[in-house]
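Student: Handing you this structure, nothing more for now.
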Amino acid sequence: PCFADILGTADLETNTYHHQAVTPATLAPELRAFAVSPVDGLIEALWHPDRPILAVQWHPERPTPSAPQDEILVRGLLDGVFWR
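Taken in order, the sequence shown gives residues 382 to 465; the numbers are from the numbering used here.
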């Protein structure tokens, strides 16, 4: 899927508070990154192209300037829109 189309933007501001992270070097070959931090290059979100797996490294439940996109993301996960 084109996540920018689903979320309505190609840029999101996330609230990253993690001390562990997925990097391009540690990303499993079966997974695809769809959000990468321009600051440190850490993968902020990933998905599996053939299975219903999607993960984010930020807290979409916490308020941010990207709150509307976070809500779209969570609703999309609940509704399964990423695998249609």
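Glycine included, C-beta positions come from ideal geometry on N, C-alpha and C.
To the nearest whole angstrom, what separates the beta carbons of L423 and A402, a pair I think is in contact under 8 Å?
Tutor: Stepping through the sequence shown from its first residue, residue 423 is reached at position 42. Stepping through the sequence shown from its first residue, residue 402 is reached at position 21. L423 to A402, Cβ: 4 Å. Contact.
Student: Following the continuous beta strand (DSSP E) through W428, name the residue where it begins and the one where it ends.
Tutor: Taking the sequence shown and counting its residues from 1, one reaches residue 428 at position 47. Unbroken beta strand (DSSP E) run through W428: I424 to W428.
Student: Can E425 and A416 be called in contact, C-beta distance under 7 Å?
Tutor: Along the sequence shown, read from residue 1 onward, the residue named residue 425 stands at position 44. Along the sequence shown, read from residue 1 onward, the residue named residue 416 stands at position 35. Taking 7 Å as the Cβ cut-off, E425 and A416 qualify as a contacting pair.
Student: Is the Cβ-Cβ distance between L454 and P433 less than 7 Å?
Tutor: Taking the first residue of the sequence shown as 1, we reach residue 454 at position 73. Taking the first residue of the sequence shown as 1, we reach residue 433 at position 52. Not in contact: L454 and P433 (Cβ atoms no closer than 7 Å).
Student: Using the Cβ count rule (16 or more neighbours within 10 Å means buried), how would you classify L408?
Tutor: Stepping through the sequence shown from its first residue, residue 408 is reached at position 27. By the 10 Å Cβ count, L408 comes out exposed.
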